[in-house]
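Colleague: So that we are looking at the same thing, I have put the structure below in structure tokens.
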Amino acid sequence: MSWIGGKKALRDTILPMFPLYYERYIEVFGGGGWILFAKPPGNDFEVYNDFNGLLVNLYRCVRDKPRELMEKLQYVLNSREDFELVRDSLARDSPASDVQKAAWFYQLIRFSYASSLDSFGSQPHDMRANFPLIEQAHRRLAKVVVENKDFEKLIRQYDRPVS
Numbered sequence: 314m315s316w317i318g319g320k321k322a323l324r325d326t327i328l329p330m331f332p333l334y335y336e337r338y339i340e341v342f343g344g345g346g347w348i349l350f351a352k353p354p355g356n357d358f359e360v361y362n363d364f365n366g367l368l369v370n371l372y373r374c375v376r377d378k379p380r381e382l383m384e385k386l387q388y389v390l391n392s393r394e395d396f397e398l399v400r401d402s403l404a405r406d407s408p409a410s411d412v413q414k415a416a417w418f419y420q421l422i423r424f425s426y427a428s429s430l431d432s433f434g435s436q437p438h439d440m441r442a443n444f445p446l447i448e449q450a451h452r453r454l455a456k457v458v459v460e461n462k463d464f465e466k467l468i469r470q471y472d473r474p475v476s
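Positions in the sequence shown are counted from 1; adding 313 to them yields my numbering.
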């Protein structure tokens, strides 16, 4: 998933630097998850973390409630008016369900210019085309702990010599 500051361009450089053996993988600044999703799942303990609560909520819903999320996304319209309504609802901290907020946030990511979340990108996009990616991410995240913590607190909680 596109995300400002994402590690997509660096993943092929970062992954070969991993040690042959480790028991814990802690993604402190998870963002779009480019490293986690490129890394083969293993027997190691994995933690994805990001400080953005909406992004973390999206990944938790992908992991725990993918069907509900896809139901919310199924009939989303690609329009500037809907984009602005969703953006404003999230900015007001709407009391909507976690799944509804995840669907709105995903809509902003997919329909915004350069995944900036603030300006409508006006590119035609059928949200249902992303359903196979959501299903793949659901399977990959099945055993991943998804956190929304300050990086220092996360490191104190999870870091070990075998990380």
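All C-beta atoms in this analysis are idealised placements derived from N, C-alpha and C, irrespective of residue type, glycine included.
Tell me the DSSP secondary structure of Val399 in three-state form.
Modeller: helix
Colleague: Candidates Leu367, Asp401, Arg376 and Ala404: which alpha carbon is nearest Tyr419's?
Modeller: Leu367
Colleague: Give me the residue from Asp431, Phe424 and Tyr388 with the minimum Cα distance to His438.
Modeller: Phe424
Colleague: Using 10 angstroms around the beta-carbon of Val475, count the other beta-carbons present and answer buried if the total reaches 16, otherwise exposed.
Modeller: exposed
Colleague: Apart from the five residues just before and just after Leu421, which ones in its own chain have a Cβ nearer than 8 Å to its Cβ?
Modeller: Cβ within range, chain order: Phe396, Val399, Arg400, Leu403 and Leu430.
Colleague: Using three-state DSSP, classify Tyr388 as helix, strand or coil.
Modeller: coil
Colleague: Straight-line CA distance for Leu467 to Asp406?
Modeller: 25 Å
Colleague: Quick test of your reading: Asp415 and Asn370, contact by CB under 8 Å. State the CB separation rounded to the nearest angstrom.
Modeller: According to the sequence shown, residue 415 is Ala rather than Asp. Rounded to whole angstroms, the Cβ separation of Ala415 and Asn370 is 5 Å, and the two are in contact under 8 Å.
Colleague: Would you decide whether Met330 is buried or exposed? Buried here means 16 or more other CB atoms lie within 10 Å of its CB.
Modeller: exposed
Colleague: Would you check if the distance between the CB atom of Arg373 and the CB atom of Ala455 is smaller than 8 Å?
Modeller: Here Arg373 is not near Ala455, since their CB atoms are 8 Å or more apart.
Colleague: Val475 by DSSP, collapsed to three states: which one?
Modeller: coil
Colleague: Put Arg441 into one of helix, strand or coil per three-state DSSP.
Modeller: helix
Colleague: Got a sec, what are the start and stop residues for the alpha helix (DSSP H) Phe358 sits in?
Modeller: Not the alpha helix (DSSP H): Phe358 falls in the beta strand (DSSP E), residues Phe358 to Asn362.
Colleague: Can you tell me which of the three DSSP states Glu340 falls into?
Modeller: strand
Colleague: The beta strand (DSSP E) spanning Val459 covers which residue range?
Modeller: Val458 to Glu460
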